[in-house]
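Notes follow once the structure below has been shown.
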Amino acid sequence: LYVTGLVCLGSHLTGVLLFKRILPDGAWRRHPQFLAHQMVAFPLMLVCTYIGCSAWFWPSPEERVAASTVDGRVHGVTANGELLARVVIGAQLFWDIPTTALVPALYSQLMMGHHVGLTIIAVVCSVTPWVHHYVPFFAGVIEVSAVPLVIVDIFHPTRYGDLAEGSAVLGAINMACRVLFALLFLLFRGLYFPYVMCFVLRDMVAVMTQGAEIVAPMITVACGVSMTLLQFFGGALIIKQLKKLLCAPPP
156 LYVTGLVCLG SHLTGVLLFK RILPDGAWRR HPQFLAHQMV AFPLMLVCTY IGCSAWFWPS
216 PEERVAASTV DGRVHGVTAN GELLARVVIG AQLFWDIPTT ALVPALYSQL MMGHHVGLTI
276 IAVVCSVTPW VHHYVPFFAG VIEVSAVPLV IVDIFHPTRY GDLAEGSAVL GAINMACRVL
336 FALLFLLFRG LYFPYVMCFV LRDMVAVMTQ GAEIVAPMIT VACGVSMTLL QFFGGALIIK
396 QLKKLLCAPP P
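Residue numbers (the numbering used here): 156 to 406.
Below is the structure:
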């Protein structure tokens with residue numbers, strides 16, 4: 156937990172120093188904090204995606220057995236589930252939430268809500284332990300869409316859109332990442348996310364029906380429903396942008 160958080164924070168501060176002081180004058184001086192954040196986010200998302208996909212799509216025999224029962228899915232302890240929960244907590248508390256709050260180029264109410272909700276459920280998962288079976292999906296598999304998003308955010312019109320417009324290579328990379336992000340988001344977050352969340356909610360209802368646990372299931376339901384609504388909202392924005400792109404009048 157601390158290792159992940161401190162590595163992210165240290166890498167971010169190193170990136171700020173690099174873009175703001177060490178490198179010669181250039182476009183990176185415009186948004187050094189933002190570029191440092193993206194420099195950290197890209198490898199972090201790759202690692203989380205790899206761990207999550209490996210555990211979710213190719214679980215160990217023991218994990219398969221645990222996943223076959225409600226008790227196993229809710230109370231079973233898995234190494235990858237615990238690892239990813241701690242990675243999320245460390246990265247969010249020490250790096251992502253502070254930088255999102257302090258760097259105007261990163262802040263939005265939607266993103267801050269996502270970070271806070273993710274942290275709350277990660278803490279519950281790690282401390283209890285709780286729903287380790289589902290952690291690889293929600294902290295790993297769905298992050299596949301965040302990988303191209305790192306590049307898309309860099310070339311946003313308010314940041315470095317001019318560089319993409321002025322270079323055929325950067326423009327092609329930006330367009331490819333935009334299309335890839337849209338497809339991956341709609342597939343994994345717009346469709347797969349709510350599908351898996353239905354199973355989470357089913358398990359929470361089963362646990363609460365037994366009457367032994369109420370607080371943790373209620374937190375899971377509240378965070379799960381909120382995060383699902385965020386995915387729907389994001390998906391609606393993407394579909395709106397796709398319609399605008401496809402229906403644009405010819406030049």
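C-beta atoms are modelled at their ideal positions from N, C-alpha and C, and glycine is treated no differently.
| Check | Outcome |
| --- | --- |
| Backbone secondary structure at residue 289 - three-state DSSP | coil |
| Segment limits, alpha helix (DSSP H) that includes residue 308 | 301-309 |
| Rounded Cβ spacing between residue 216 and residue 222 (contact assumed at less than 8 Å) | 11 Å between Cβ atoms; not a contact. |
| Short Cβ contact (8 Å threshold) for residue 295 with residue 207 | yes |
| Reduced DSSP category for residue 251 - H, G, I as helix; E, B as strand; rest coil | helix |
| Three-state secondary structure (DSSP) of residue 180 | coil |
| Terminal residues of the alpha helix (DSSP H) in which residue 260 lies | Unbroken run through residue 260: none, as it is neither H nor E. |
| Cβ-based neighbour list, residue 238, same chain, cut-off 8 Å, excluding 5 preceding and 5 following | 206 |
| Assigned secondary structure, residue 361 (DSSP; H/G/I helix, E/B strand, else coil) | helix |
| Nearest-angstrom beta carbon gap, residue 371 and residue 285 [assumed within contact, 8 Å] | 6 Å |
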